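Top line first, the protein sequences correspond to chains A and B. For any residue, its number in the numbering used here is found by taking its place in the first sequence, counting from 1, and adding 172. For any residue, its number in the numbering used here is found by taking its place in the second sequence, counting from 1, and adding 7.
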Amino acid sequence: MTMVHLVIAFTIGGIAILSALLFWFMPRLTRRDLYFAVTVAPAFRDEPEGRAILSRYRAELIFFSALALVAFVAGIAWLGVGFVSTGTFLQLVASFIAFYRARQRVLPYAVPPTTIREAELHDHNRIIPGGWMTASGPFILLAACAGYLWIRGGENPTPTDLDGHRLSVYLVSTAGILASLTLILYGLAHWVRPVHAGGDEGARELKFRKIVSALLLVNEYFITLQASWIMLVPRRGDLTIVVLLPLVLVFVLVAIVMLARLGQGGSRMPATVQTRIPSSSAPVGDRTPDRYWKLGVFYFNRDDSAVLIEKRFGLGYSLNFARPTAWIILLLLLMGPLIPILAHFSRFLPKLGVH
Amino acid sequence: MLRIDLASRVPVYEQVANGLRAELVSGKFSVGEKLPTVRTLAINLGVHHNTVAEAYRQLANEGWLELKRHRGATVVERDRPRAGPDTMERFTRPLGELVAKGLADGLSPSSLARAMIETARRLERKI
């Protein structure tokens, strides 16, 4: 096993452990009236039924995570070190099964959320942190990189990395990911429906949204620098992995800690002013009916114009799959992994007689 | 702050129009000021944009707003209309329902009358 394999295993193992920890604590990080992505009375989680569901969820999380670990080790032993990349995926599947079973147990206790909707008419907070100049920085960096490669094209017309991919593949896939993240960044300013329009909750939500936007922006710069490094120094692939992957782990850790301290929508932040009296006795939740949440994680509501809405079981935002813009964002995001795969397979097409 | 109730018997577009009209009457928007775009308000309220567009059209027909494609809704100077014969009828019917609700909830007729007079005086100063 080489140094590179060790770093990959360390990073993927680290992300898998972080993911498991996040799922462990997640029921305590969401809004009080949302429990396992189901709208419930705010006091439900502290009642015996609520606590029993949490205990069973955590026991199952350990059980399914252990199964995932066994599958992971068996996979490596059987298929080789290449199987290491599935570690995080297996952990996610294990965590999702535990979550889904807990959700099914909470559903009988579901209550309808409030039907009251609020909107701030003088809303001047819908701006991208750092403005458009900061948001366009990654694209400028990527374009500069592409320009440099294009000028050098005369010397080496098809520069490739260690895996033999054309570097233009990296360029296109990175541009796709950046476009997707920029759309989300814009969406966080313009396409998100705030749960609370004003007051203390509104201010906390706004702070949460700004921090998520800032993290997204940092992520964009990180991806661009990583892609630029791969394109400009293609022969140093090992160094790229050894340096950049641990940085990914650190970034994920910092992002999770920051968001976990705030809680979903800033719900764990201390109140600065007296919280307003709820407008109705029904729980507010995230003001979306449960029936629009497929499996508790996918939101699909044709009557809702918002493209991004708060996650029900997670920290951040989810897409409203009833809106075409959501599919564009997803498609651009998938360009990242799909284009290198397509480029890889396209090399075999001539052998099959396909032109 | 605009507030609507999706469970109300009053159609959503009408609630949006009523809420915005109250803001306009109370002078929270000055002449020339822009209202949020249809899309922004629809997103904030979690309703379809056609619903908000219908409310904006209603207010434009009443002379409160000027709607221009791709330029949003602008508050315009509005002449005070002369009340027609059916105006009082259109007003007293929903008022009767509201008063009945107030009485049913335990408010006294005198406190309701006082509240109505105070509200009318407060709004009149701003028209």
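The beta carbon of each residue, even a glycine, is placed where N, CA and C say it ideally should be. No experiment lies behind these values; they were computed from the predicted model shown.
Here DSSP, grouped into helix, strand and coil, assigns Trp363/A to coil. Using a Cβ distance threshold of 8 angstroms, Leu42/B and Val23/B do not count as a contacting pair. Neighbours of Arg46/B in chain A, taken as residues at a C-beta separation under 9 angstroms, are given in chain order as His362, Trp363, Ser477. Shown here, Ile288/A sits in a strand according to DSSP, grouped into three states.
Pairing Tyr342/A with Met403/A gives a Cβ-Cβ distance under 8 angstroms. Interface flag for His55/B against chain A is set, since a Cβ pair is found closer than 8 angstroms. Ile395/A is the residue among Ile395/A, Gly435/A, Ala432/A, Leu425/A whose C-alpha sits nearest the C-alpha of Leu416/A.
Between Leu491/A and Tyr272/A a beta carbon distance of about 19 angstroms is seen, past the 8 angstroms cut, so the two are scored as non-contacting. In chain order, Leu487 place their CB closer than 6 angstroms to the CB of Leu431/A, counting only its own chain and leaving out the 5 sequence neighbours on each side.
Between Leu105/B and Thr287/A, the gap from beta carbon to beta carbon reaches 8 angstroms or more. Ser477/A is a Cβ neighbour of Ile50/B, given a cutoff of 8 angstroms. DSSP lists Lys466/A as the bridge partner or partners of Phe470/A.
Counting only Cβ-Cβ distances below 9 angstroms, Glu30/B has contacts in chain A at Leu293, in chain order. Ala14/B reaches chain A at Thr287, counting residues in chain order whose Cβ is nearer than 7 angstroms.
The three-state reading of DSSP puts Lys35/B in coil, since its state is none of H, G, I, E or B. Nearest to Arg365/A by alpha-carbon distance, out of Leu387/A, Glu292/A, Phe311/A, is Glu292/A. Across the structure, Ala67/B and Gly457/A are spaced so that their CA atoms are roughly 35 angstroms apart. The beta carbon of Ala49/B sits closer than 8 angstroms to some beta carbon of chain A. Nothing from the region 214-228 of chain A brings a Cβ to less than 9 angstroms from some Cβ of chain B. Taking 8 angstroms as the Cβ-Cβ cut-off, the region 343-372 of chain A approaches chain B at His362, Trp363, Val364, Arg365, Pro366, Ala369, Gly370, given in chain order.
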